[in-house]
Amino acid sequence: MIERSSETLIALRRIVHALDSNARQMARASQLTQAQLLVLLEVARKGHEMPRDIARALGVGQATVTLQIDKLEARGLVRRERRQADRRAVWVILTETGRALLDEIPDPLHERFTQRFNQLAPWEQTLILSVTERLGALFDADDAPAFPASEPQDVVAGRSAAPLRPEA
0 MIERSSETLI ALRRIVHALD SNARQMARAS QLTQAQLLVL LEVARKGHEM PRDIARALGV
60 GQATVTLQID KLEARGLVRR ERRQADRRAV WVILTETGRA LLDEIPDPLH ERFTQRFNQL
120 APWEQTLILS VTERLGALFD ADDAPAFPAS EPQDVVAGRS AAPLRPEA
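Counting from 0, one number per residue, gives the positions in the sequence shown under numbering that gives the first Met the number 0.
Here is the structure:
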């Protein structure tokens, strides 16, 4: 008989596989790397954000985010704008082109999960969140980055992007 810890790890590997597969499909559809897509999604969440706040939200270094912003800006998906109050500070702002691209990218896993999750009773939602956070702690993943610091593969060149896994 398989131990519960093994059954749990198998279930988690299935979840990770589904998330990785979905992220690769989204990255291919957008012709962005997964890191670029995550940065773009984070900017879209608020409409504008400072690079340090994006880095903090994604759990990566500001230099990593700056590199991704440079690439997104080159494609016209975001733009940088100096803040009026403090000219040293820079906002990263989603452009209309960036919004249009995000609107075109299918995300069936997120939509399906959100729909099903919202149908659960509030206590079940709280339980799932609590268990997920606890699993993160068991894996020492509380401070793990959302994506690797560098992605050697390039979706635009026809190769799949690196999976969304924390750095070891």
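All C-beta atoms in this analysis are idealised placements derived from N, C-alpha and C, irrespective of residue type, glycine included.
C-alpha gap between residue i and residue j, whole angstroms
| i | j | result |
| --- | --- | --- |
| D106 | A17 | 12 Å |
| A156 | L31 | Bear in mind that a pLDDT of 34 at A156, under 50, signals an unreliable position, so the number given afterwards is only what the model happens to contain. Going by the C-alpha atoms only, they are around 10 Å apart. |
| K45 | R13 | 31 Å |
| R86 | R111 | 42 Å |
| Q83 | V89 | 9 Å |
| S5 | D141 | 21 Å |
| W122 | T7 | 21 Å |
| S129 | A10 | 17 Å |
| T96 | G75 | 7 Å |
Residues that residue i bridges to, as DSSP identifies them
| i | result |
| --- | --- |
| R79 | V91 |
| H201 | Outside the displayed range of the chain (0 to 167) lies residue 201, so it cannot be described from this structure. |
Residue i vs residue j beta-carbon contact at 8 Å
| i | j | result |
| --- | --- | --- |
| R98 | A26 | no |
| G58 | A136 | no |
| V64 | L39 | no |
| E80 | I92 | yes |
| Q67 | R51 | no |
| E41 | A22 | no |
Residue environment, residue i, which counts as buried when at least 16 other CB atoms sit within 10 Å
| i | result |
| --- | --- |
| T131 | exposed |
| E48 | buried |
| S29 | buried |
Checklist entry - Between the stretch 28-38 and the stretch 66-82, are three or more C-beta pairs nearer than 8 Å? => result yes
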